[in-house]
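**Q**
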Amino acid sequence: MTSAAAAAAEMAALRAASNRASRLAHALSGRLHQQQAGLATSLVMKTKIGKTKFNKAAQEGVRKEYDTFGELEVPNSKYYGAQTVRSVMNFPIGGENERMPLPVIKAFGVLKKAAAQVNKEFGLDPKVSDAISKAADEVISGKLYDEHFPLVIWQTGSGTQSNMNTNEVIANRAIEMMGGQLGSKTPVHPNDHVNKSQSSNDTYPTAMHIATAVEIHNTLLPGLAALHKALDDKAKEFADIVKIGRTHTQDATPLTLGQEFGGYAQQIEFGIERVKACLPRLYMLAAGGTAVGTGLNTRIGFAEKVAAKVSELTGLPFITAPNKFEALAAHDAMVEVSGALNVLACSIMKIANDVRFLASGPRCGLGELSLPENEPGSSIMPGKVNPTQCEAITMVAAQVMGNHVAVTVGGSNGHFELNVFKPMMVANVLRSIRLLGDSCHAFVNNCVTGIEANRERIDKLLHESLMLVTALNPHIGYDKAAKIAKTAHKEGSTLKGAALKLGYLTEEQFNQWVRPEDMLGPK
């Protein structure tokens, strides 16, 4: 190729590259403009609960709303406003599965209703207060969640955008109830009325505590109570079944299967007590602390009255936090709850592992327990049935442990007057609560209640164990008892045979002293 031809080819390549860059810039510009329109003038596809739906915002029309950064377009069918749209634009992280949890939004509804009623006592127009309360009721019911609360947990660490999302939804719904125009901010203003005497810095931690306490009562404690009862029932059912114990995964001295299950039941009982012991700190609400904990822009008595209203609305004994600076800057109460959940996860991991290992087999494992057969276990091995409920709940336990690590990191990052890991912390605590509550019910219904003891197998393993020799210690001493066990193990004989061969005791003495049923407790 001549130098002239090469130069021409190079120029052509440069022009082509320039054209591509121009088209890309135009496309990006159009995309940005579309995004700034609040996703309202485009056809947006959302995947939700396994279904694909199309939000034809352009067909439904838009309205102009404003925040301190300027004008944005909002779909007419939505109650949220400009700040929510801006958050959707700025934090496109995680999608549908990462939305702010419903319990948090419901808790915000409770708080906004309580604040509106208290503010009415302090002079807020009764018509405005009542409209806010009615709109808040719809938030509390959950009916507005799917369509009007699109924000994800990955936003500002104070939860400001979700507080404003709630303020905007309640304000616009109240405006609609009063015959006004959506987005007009009159006669109900999201900041001046719905957020009156509040800051995101105190409302979000208040919602965190309300949501967590409510979910503990509604989801976690019932699941734990069911699991405790099921394990305790099995402990009573198996009270007379003597089996060999195991320490270090090796044969040990006997106990009853009932004693073993009684230990499991006690673990869950202690776990319930630990969770309940956290509740007094959860019942302390940050509301009334406003921006940094001083209570700026509130009236004297506002904090106490709001806590009392929240208590009235939820039926739980909420009170105002004694120190609002701690309530905003630190979330030790949330870390404490997560820690209690983490202990429960440890307990459940141990219990479920024991159950599946004791049920291993059916012919080549321990085989002391039989578990309910709920579904086929293998796509290649015909007739195989696996301990699936044990596997599911141990995965839950692992996830709860991981959630606790995240909550711990979040709790340690309260800087100066505000912790800014709030949404992540509450989302992980709520997820742990839901997973533990649900999995306990599944484990009880599909596994624990159907557990059966394989008495013949248990008895066979019991009498094959060399550790029954421990009963001879008080009579012939540790050294002679150890030699009997070692001889029996080496020669493959029974303990009795080895004892008689060594001449350490008579057959009558052996039969009198080595009785598993007499080895179950102190004498």
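At position 102 of the sequence shown the residue is numbered 102 (full-length UniProt numbering), and the sequence of numbers has no breaks.
Idealized CB from N, CA, C, for every residue including glycine.
1. By Cβ distance, which residues of its chain are closer than 6 Å to residue 352, with the 5 residues on each side in sequence left out?
2. Mark residue 439 as exposed unless 16 or more other C-beta atoms lie within 10 angstroms of its C-beta, in which case mark it buried.
3. What are the partner residues of residue 453, as DSSP defines its beta bridges?
4. Do the CB positions of residue 195 and residue 167 come within less than 7 Å of each other?
5. Between the Cα of residue 460 and those of 429, 187, 285, 368, spot the shortest distance and give me the residue it belongs to.
6. What is the DSSP secondary structure of residue 470, counted as helix, strand or coil?
7. Less than 7 Å between the beta carbons of residue 469 and residue 495, yes or no?
8. What alpha helix (DSSP H) runs, 4 residues minimum, are completely inside the segment 211 to 287?
9. Would you please state the rounded distance, in angstroms, between the beta carbons of residue 80 and residue 165? I believe it to be under 8 Å.
10. Less than 8 Å between C-beta atoms, sequence neighbours within five positions excluded: which residues of the same chain meet that for residue 509?
11. Relative to the alpha-carbon of residue 208, which residue among 170, 441, 110 has its alpha-carbon at the smallest distance?
12. From residue 487 to residue 497, what distance separates their C-alpha atoms?
13. Skipping 5 residues on each side, what residues in its chain have a beta carbon closer than 6 Å to that of residue 25?
14. Which residues share a DSSP beta bridge with residue 319?
15. Check whether the segment 284 to 292 touches the segment 189 to 203, counting contact only when three or more Cβ pairs, one atom from each stretch, lie closer than 8 Å.
16. Just reading off the beta strand (DSSP E) that residue 65 is part of, what are its end residues?
17. For residue 363, which of helix, strand or coil comes out of DSSP?
18. State the Cα-Cα distance for the pair residue 384 and residue 95, rounded to the nearest angstrom.
19. Between residue 327 and the rest of its own chain, which residues show a CB-CB distance below 8 Å, the 5 nearest in sequence each way excluded?
20. Please report the straight-line C-alpha distance between residue 35 and residue 71, rounded to a whole angstrom.
21. What are the start and end residues of the alpha helix (DSSP H) that includes residue 85?
22. Is the beta carbon of residue 429 less than 7 Å from the beta carbon of residue 334?
23. Run through the DSSP bridge pairs and tell me what residue 194 is partnered with.
24. Just confirm the distance between the C-beta atoms of residue 337 and residue 278, as a whole number of angstroms; I'd bet it's less than 8 Å.
25. Apart from the five residues on each side of it in sequence, which residues of its chain come closer than 6 Å, Cβ to Cβ, to residue 33?
26. In the segment 109 to 154, which residue ranges form an unbroken beta strand (DSSP E) of at least 3 residues, counting only runs that do not cross its ends?
27. On a Cα-Cα basis, can you pick out the residue from 258, 247, 226 that is closest to residue 234?
28. Which whole-angstrom value is the C-beta distance of residue 314 and residue 152, which I expect to be below 8 Å?
29. I'd like the list of long-range same chain contacts for residue 396, defined as Cβ closer than 6 Å, with 5 residues on each side in sequence excluded.
30. Would you kindly work out how many angstroms separate the C-alpha atoms of residue 45 and residue 85, rounded to a whole number?
31. Just verifying my parser: in three-state terms, what is the DSSP assignment at residue 74?
32. Over what stretch of residues does the alpha helix (DSSP H) that includes residue 312 continue unbroken?
33. Using a Cβ-Cβ distance cut-off of 7 Å, determine whether residue 130 contacts chain B.
34. How many angstroms separate the CA atom of residue 156 from the CA atom of residue 216?
35. For residue 414, which beta-bridge partners are listed by DSSP?
36. Can you list, in chain order, the residues of its chain with a C-beta nearer than 7 Å to that of residue 138? Leave out the 5 residues immediately preceding and following it.
**A** The answer reads as follows:
1. 390, 393, 394
2. buried
3. 369
4. yes
5. 368
6. helix
7. yes
8. 221 to 237, 257 to 282
9. 6 Å
10. 475
11. 110
12. 9 Å
13. Confidence in residue 25 is poor, its pLDDT being 41 and thus under 50, which makes the residue's placement too unreliable to answer from.
14. 284
15. yes
16. 62 to 67
17. coil
18. 38 Å
19. 202, 205, 284, 285, 286, 289, 293, 321
20. Any reading at residue 35 is ruled out, since the residue's pLDDT is 43, under 50, leaving its predicted position unreliable.
21. 82 to 90
22. yes
23. For residue 194, which the question treats as bridged, DSSP gives no partner whatsoever.
24. 5 Å
25. Unreliable placement is indicated for residue 33, whose pLDDT of 41 sits below 50; the coordinate value is still reported in the next sentence. Answer for residue 33: no residue qualifies.
26. none
27. 258
28. Going by Cβ atoms, the distance from residue 314 to residue 152 rounds to 26 Å, so no, they are not a contact pair.
29. 435, 439
30. Confidence is the limiting factor: at residue 45 the pLDDT is only 35, short of 50, which leaves the residue's position unreliable and the question unanswerable from this model.
31. strand
32. 302 to 314
33. Here chain B cannot be found, since the structure has a single protein chain.
34. 26 Å
35. 419
36. 144, 173
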